[in-house]
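Peer 1: Its first residue numbered 454, the sequence shown is counted upward by one per residue in the working numbering.
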Amino acid sequence: MSQFLADVQASYGRCLKERGFITRFYELLLERDERINQMFAKTDWSQQNKALRRGISIALTFAGGSSIVERSMKEMADAHSRKGRAPVDPALYIHWRESLVQAVSEFDPRFNDELGIDWQQALKTTTDYFTAHY
Ligand code: HEM
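1. Tell whether a beta-carbon distance below 9 Å holds between Ala539 and Met526.
2. Flag this pair as yes or no: are the beta carbons of Ala556 and Phe493 separated by less than 9 Å?
3. How is Tyr546 classed by DSSP in three states: helix, strand or coil?
4. Between the alpha carbons of Asp531 and Leu568, how many angstroms are there, rounded?
5. Identify the continuous alpha helix (DSSP H) that holds Asp566 and give its terminal residues.
6. Can you have a look at Trp498 and say buried or exposed, based on whether 16 or more other CB atoms are within 10 angstroms of its CB?
7. Is Thr579 buried or exposed, if buried means 16 or more other CB atoms sit within 10 Å of its CB?
8. In the DSSP assignment, find the unbroken alpha helix (DSSP H) run with Val541 in it and report its ends.
9. Between the alpha carbons of Ile521 and Leu576, how many angstroms are there, rounded?
10. In the DSSP assignment, find the alpha helix (DSSP H) that holds Ser464 and state where it starts and stops.
11. Have a look at Arg472 and Glu559 and give me their C-alpha separation to the nearest angstrom.
12. Hey, could you find the ends of the alpha helix (DSSP H) Arg563 is sitting in?
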């Protein structure tokens with residue numbers, strides 16, 4: 454694993470140790486765009502929080518260049534594609550990345566600008582993949 458990704462993984466671990474990290478992320482994401490808010494109107498949050506915890510972990514492994522998560526990535530991308538269960542307009546992914554990095558900056562006590570750039574880069578790898586499968 455590259456150093457930049459090891460730093461992001463460690464940061465993610467610190468965030469998950471704090472209570473309320475994923476909840477805070479969704480709070481930020483939903484208030485950024487009314488279309489996003491609407492999409493989650495009927496969501497079971499305890500399930501969704503778990504799904505995203507796992508999803509981010511897969512995304513970071515993928516960003517590190519590991520192909521063991523290729524299948525899981527494809528399933529998530531399919532779910533968010535035009536024909537999927539929860540289609541997501543690729544134009545909305547900027548909100549996903551920025552809300553997540555904002556939540557990390559609030560929850561990781563060792564957050565700094567450089568780490569923020571590393572996070573953005575890792576998350577972009579995932580949203581680019583989703584966009585290509587849209
Ligand atoms: C703006 C960006 C995004 C929006 C608006 C969005 C929206 C949604 C919605 C509406 C659902 C279904 C919730 C329900 O069951 O009610 C969902 C499920 C899910 N999303 Fe996203 N999503 C976004 C980005 C992502 C990204 C980048 C990932 C990858 C880490 C991801 C991972 C997941 C997973 C793992 C599920 C659960 C899928 C399942 O039920 O099998 N999402 N998302």
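Backbone N, C-alpha and C fix where the C-beta goes; we use that ideal spot for every residue, glycine too.
Peer 2: Taking the geometry as given:
1. no
2. Going by C-beta atoms, Ala556 is not nearer than 9 Å to Phe493.
3. Collapsing the DSSP output to three states places Tyr546 in a helix.
4. 29 Å
5. 566-585
6. exposed
7. buried
8. No alpha helix (DSSP H) holds Val541; DSSP gives it neither H nor E.
9. 18 Å
10. 456-470
11. 12 Å
12. First-last for Arg563: undefined, no H or E at that position.
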